[in-house]
Ligand code: DCP
Ligand code: MG
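Residue numbers (UniProt numbering): 62 to 432.
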């Protein structure tokens, strides 16, 4: 079996670099090996092989039990030559030299470290690495580096926001936003989405959709919620993006990672979540709050079902569903709408089930979308 470093505090796949904890050895699965390969290709901006390894990891995730023999691996769908070769090597020798080489590669380790900061993507990480920077302290001490507001907050709250958010914490965040929304208008509705809607116990953030029944009312909702959170003194960071949604620009033929609805990326102070600072904290004890990453999106009510389907994920599920719509049904699906290219018309939906019906698919429950 494969053996790699794993942080035993935060459960991240690789040792937790800023804490510099003594690494513990654990067994890593085929799936983890594929994730490492996918991430490495992502860092090199090679989308094709990156998606191939992501898909392969998803295929393994969907199986009722782990693949332990070459025979069991033979009939698996969606695996390319490279993926099969890695899988074979692991199943035969118990290790993959390619994966081990990546894991011990200094560039991979540094990009992994830098991209773990909120607001730092592969391009910025690569830029910092090319300038010879290898650690957070080197980045923070480099006078020529200008951190944007998001990155500054990312570093400031690094410890908290790199810790997993529990379901109970997600619920608590949902209640806070729900209360704020209710005080603004009884007409609005809040829906928990993302990984927690798929039944996950932990996530990296809390994803929520807020919408209003009255058309157009959703436009100011987010600003009003942000004001309310500010007044409560719990808004640690906010980046608001106004809506650029334009029905005349639909359908979008090129793939876009993000939709055009109004949204905000927040860091909230969640009271009552105990954090042990460890022996070296300034206070030397624990505090009774933690910072949590929260994403809010606010689509018009008649686009709610598409947004709900899109934000529920998983990313792989969304990718495959869109691909299915395009190739099997000649339809374009995104977070805004569903367009039938044969009939040259938009298909309306008030529920996710309506969308599955249009696609000629049986309804797939959120917990079955964890591909
Ligand atoms: N999403 C997407 N494409 C993106 C970003 C997001 O399709 N580029 C969708 C799918 C995700 C959902 O939005 O599942 C929420 O995004 P997250 O990054 O929060 O993903 P999860 O909630 O699934 O994961 P986690 O539990 O780590 O928060
Ligand atoms: Mg999420």
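Positions of the beta carbon are idealized from the N, C-alpha and C atoms, including for glycine.
_Helix, strand or coil for residue 270? Go by DSSP, reduced to three states._
strand
*Check whether the Cβ atoms of residue 397 and residue 364 sit closer than 8 Å, and answer yes or no.*
yes
_Considering just the uninterrupted stretch of the beta strand (DSSP E) at residue 328, what are its terminal residues?_
323-337
*Less than 8 Å separating the beta-carbons of residue 131 and residue 142?*
no
*Report whether the distance from the Cβ of residue 320 to the nearest heavy atom of the ligand MG is below 7 Å.*
no
*May I have a chain-ordered list of the alpha helix (DSSP H) segments no shorter than 4 residues that lie completely inside the region 82-137?*
91-104, 108-123 and 131-135
*Starting from residue 399, follow the beta strand (DSSP E) in both directions and report where the run begins and ends.*
399-401
_Best match in 213, 277, 248 and 257 for proximity to residue 233 [C-alpha to C-alpha]_ = 257
*Drop a sphere of 10 angstroms on the beta-carbon of residue 430, count the other beta-carbons inside from all chains shown, and report buried for 16 or more, exposed for fewer.*
buried
*How should residue 207 be labelled, buried or exposed, when 16 other C-beta atoms within 10 angstroms of its C-beta is the threshold for buried?*
exposed
*Could you give the distance in angstroms between the alpha-carbon of residue 290 and the alpha-carbon of residue 326?*
13 Å
*Kindly provide the chain-ordered list of residues whose Cβ lies closer than 5 Å to any non-hydrogen atom of the ligand MG.*
255, 256, 264, 266 and 268
_Please classify residue 135 as buried or exposed, where buried requires at least 16 other C-beta atoms within 10 Å of its C-beta._
exposed
*CB of residue 261 to nearest heavy atom of the ligand DCP: below 7 Å?*
yes
*asked:* In whole angstroms, give me the CA-to-CA distance for residue 420 and residue 391.
replied: 10 Å
*asked:* For the alpha helix (DSSP H) containing residue 389, name the first residue and the last one.
replied: 376-390
*Kindly list the residues whose CB is nearer than 6 Å to the CB of residue 447, restricted to its own chain and excluding five residues on each side of it in sequence; keep chain order.*
As displayed, the chain neither begins before 62 nor continues past 432, which places residue 447 out of reach and without an answer.
*Span of the beta strand (DSSP E) holding residue 349?*
347-359
*Can you have a look at residue 83 and say buried or exposed, based on whether 16 or more other CB atoms are within 10 angstroms of its CB?*
Low confidence applies to residue 83: its pLDDT is 37, below 50, so where it sits in the model is not reliable, and the reading given next is rough at best. Exposed.
_Based on DSSP bridge pairs, tell me the residues matched to residue 227._
263
_Does the beta-carbon of residue 372, which I'm using as the reference point, lie nearer than 7 Å to any heavy atom of the ligand DCP?_
yes
*asked:* Would residue 225 and residue 264 qualify as a contact pair, given that the criterion is a beta-carbon distance under 8 Å?
replied: yes
*When DSSP labels each residue in this structure, what does residue 305 get in the three-state scheme?*
coil
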